[in-house]
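What follows is a short report on a single structure.
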Amino acid sequence: MLRKLDIPKTAEQLTAFLKRTVTDAGFSCVVVAVSGGIDSAVASALAVRALGPEAVFPLLLPYEDWHTEAGGRAVRLLRGLGIPAANIRTVDITPVVRAFAQAAGLRPQAGDTTGAIRLGNIMARARMVILFDYAREQSALVLGTENKSEHYLGYFTRFGDEASDIEPLRELYKTEIY
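With my numbering, you'll find the sequence shown wraps up at 1556, consecutive numbering, no jumps.
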């Protein structure tokens, strides 16, 4: 049986949690990886509500064939939230991922499931390294976007997309976010 959330109350609680946690940790802003998907959109919106648009530093981290549609959605979202353009950064991770894959001797071929998974893990970990470096530059915490469904299913890369300082969506199932 699905639980029924009071959405306004849940949003209020998550906003208060974010504000309190960021402040208690001695910070005033967050860095968040924005993909154009629903989880990063909701996490970004909660951060803007909690801290204000000037305190949110989104990072877009495309790889090679990052869909123009997803990138466009991400930029429209950030503009709609009032986040200053100067706070938004895009870092193409393609050169880093290619260099690491080459150093590891990774050359996935069509149908190579293990190679594709390894490459995906390299992408997630490259994003994490860049995200935490950007957070250090901004004196910010890293805001995660993982939800409860992903966590329970193990649908994440260890030391990659599950790495963050604060996870406001961790107790919400995907069906409660979307």
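For glycine and all other residues, C-beta sits at the position ideal for the given N, C-alpha and C.
According to DSSP, residue pairing for residue 1467 in a beta bridge involves 1437.
If you draw a straight line from the Cα of residue 1388 to the Cα of residue 1407, it is about 21 Å long. Taken through DSSP and simplified to helix, strand or coil, residue 1521 comes out as strand. 1540 is the residue among 1551, 1540, 1448 whose C-alpha sits nearest the C-alpha of residue 1507.
Straight through space, the alpha carbons of residue 1531 and residue 1494 are spaced by roughly 19 Å.
When beta bridges are read from the DSSP output, residue 1409 appears opposite 1435, 1520. Counting of Cβ neighbours within 10 angstroms places residue 1503 among the buried residues, the total reaching 16 or more. Taking C-beta atoms under 8 Å as the contact rule, residue 1461 and residue 1434 qualify, at a distance of about 5 Å. Non-local C-beta neighbours of residue 1423 in its own chain, meaning closer than 7 Å and more than five positions away in sequence, comprise 1459, ordered along the chain. Note that the segment 1509 to 1521 does not touch the segment 1478 to 1496; fewer than 3 beta-carbon pairs, one per stretch, sit closer than 8 Å. The three-state reading of DSSP puts residue 1461 in coil, since its state is none of H, G, I, E or B. Pairing residue 1447 with residue 1441, the inter-Cα distance amounts to about 14 Å.
Counting of Cβ neighbours within 10 angstroms places residue 1394 among the exposed residues, the total staying below 16. Rounded to whole angstroms, the separation of the alpha carbons of residue 1517 and residue 1489 is 43 Å. Between the alpha carbons of residue 1404 and residue 1486 lies a distance of about 44 Å. Contact between residue 1410 and residue 1521 holds, with the beta-carbon distance rounding to 4 Å and staying under 8 Å.
By the neighbour-count definition (other C-beta atoms within 10 Å, threshold 16), residue 1381 is an exposed residue. 8 Å or more divides the Cβ of residue 1426 from the Cβ of residue 1418.
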